[in-house]
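Enquirer:
In the working numbering, the protein residues as written are 8 to 72.
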């Protein structure tokens, strides 16, 4: 049964001024990917968006801050 579970990428949460999103990921990279997916889902119907290009973004820093 566990193999059939669909992982939630993000959820929209209440926010008084703007939009609130809560993103999930098993890694920091997956967290950022899912957050970006959530943001774009609020400005476009992703069921009607076709992927044409793919980009990999790499970031290096001394720490996560």
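Don't be surprised by glycine CBs; every beta carbon is placed ideally from N, CA and C. None of these values were measured; they are calculated from a predicted model.
Do you know how far the Cα of residue 69 is from the Cα of residue 42?
Expert: 23 Å
Enquirer: Whose CA, out of 48, 17 and 37, lies closest to the CA of residue 28?
Expert: 17
Enquirer: Grab the span of the alpha helix (DSSP H) containing residue 46 for me, first residue to last.
Expert: 35 to 50
Enquirer: Out of curiosity, what's the CA-to-CA distance linking residue 46 and residue 71?
Expert: 22 Å
Enquirer: Which one or two residues does DSSP pair with residue 19 in a beta bridge?
Expert: 28
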